[in-house]
Every structure is written in structure tokens, then in C-alpha cells.
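Residue numbers (mature numbering (1 follows the signal peptide of the UniProt record, and there is no 0)): -18 to -1, 1 to 224. Written out below as C-alpha cells is the structure these notes cover.
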């Protein structure tokens, strides 16, 4: 189950973090040969998000310099790197917690889609992150091996960031998605009707802010709830809510 959190530091969205079998930041992890090159992915993220200037939040203050220096170093096990946690059973990267990093800026790299066991990506408060959500994160342009993991995502929070673009139809690949929060950003276009087509979805929440987004959502068989708060919507009503 992947939870993506992208929210402003000044906001306090009600986020229910996903429970997952995560190991501690693993000083004790033994070196393992991962299925995919996690070191290469972390190096790409480090480069794309200004890693050489990262600082770390400690007691409300950002201190240090280049605190992510381990990320581009292939000699260090991924599970032993700062801000990374691994699944304690598979020893694959399951969590990237970047919310306490200062000077984080840039766009999310496509290589994130190669972390096929990623369950949790936290970028809360990262106003320096811009651009769009890479479709590779949802498996839309990757190989079948990587695309199959898309069904693990249940919550996607893109709240109060500086991200933009359209709501990609590839989001509909997230068969277990229950929450999609899009308020206070620069997204535009439509929300794909295919988002409601999931046999897993017992509750689905959509939240938009002052940006203009068109909704055409057909209710799936188990759809119970749709929420749109402070929105400016095109004239496209919710359809057949159960």
C-alpha cells in the first residue's frame, strides 16, 4: 500500500498513515542484492531534488549540509541510508520520508517508478518540489513487471504544493485508491471517470481547492463517499452516487 503525502508545512491535513512492516532506518541491515538498482534510483532522486544542499530538521530547525550524502554512494546499502526504510521481510525499499529535509527542490524523477516495493512516499511541506507527478510512479510507462505494483496505492495526497499539469488517466491504474487530495495547487483539466471503476473501492474521497477542475465521476459498485471542498468546478455533476 503506497501513501503519497504532498502537503504544505503550514497545513495540517488529516492523514492516516499506512501501516506497513517497515524496518527501522537499519543500521543493522546486512547488505543485500536488491531486485532493482535502488542505489541508482536514490542517486537520481538526490540529483533531481538538489541533494547536495539538503539540510535536516532537528527540533524545528534545519541544520547540517548535504545530509543526503549517502544517497548517491553505491557502496552503502540502500536500507542503511538516511530517510530510507526497508521492508523487514523483503529488505527492499518501502519508505522514503523526505518531509524533514530542508532545501528540497526540483521535480520528481521518473526513476521513482523503479522502486517496485515502495509503499510510502512523504514529501509533506516541500514547497520547493514543482512540476508534475511522473506517470512512471503509477506504472503507466514502465514494463509490466513494474506496472503491476500500481494496485498497492491507496492514498494520494497532493496538497498545497507547487505542482501542476493535468490529472493523468494513469491514476486510474491505482485500483485500491481511496483518497485523492488535490486542493491548493495548479492542477487543471478533468478527473478521469475511470477513477471510480474499482471493485476494491469502498470509500473514495476527492478534494479540490481553488483551481478549476472538471469532475465526471461515475460511481463504482462500492462507492460510498465523494468530497469536494472549496472547489471551483466546471458544470459536470457527480453521477449515480450510491
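Every residue gets a Cβ at the ideal spot worked out from N, C-alpha and C, and that includes glycine.
query	result
Reduced DSSP category for residue 79 - H, G, I as helix; E, B as strand; rest coil	strand
Residue 94 at chain C interface by Cβ criterion, 9 Å	The structure shown contains no chain C; it is built from a single protein chain.
Three-state secondary structure (DSSP) of residue 118	helix
Range covered by the beta strand (DSSP E) that runs through residue 24	Run containing residue 24: none in the beta strand (DSSP E); it sits in the alpha helix (DSSP H), 20 to 30.
Residue(s) in a DSSP beta bridge with residue 66	78
Run of the beta strand (DSSP E) containing residue 39, from where it starts to where it stops	37 to 40
Residue 103 vs residue 94 beta-carbon contact at 9 Å	yes
Spatial distance of residue 31 from residue 53 (CA atoms)	12 Å
Rounded C-alpha distance that separates residue 68 from residue 23	14 Å
Nearest-angstrom beta carbon gap, residue 85 and residue 37 [assumed within contact, 8 Å]	6 Å
Collapsed DSSP secondary structure at residue 95 in the structure displayed	helix
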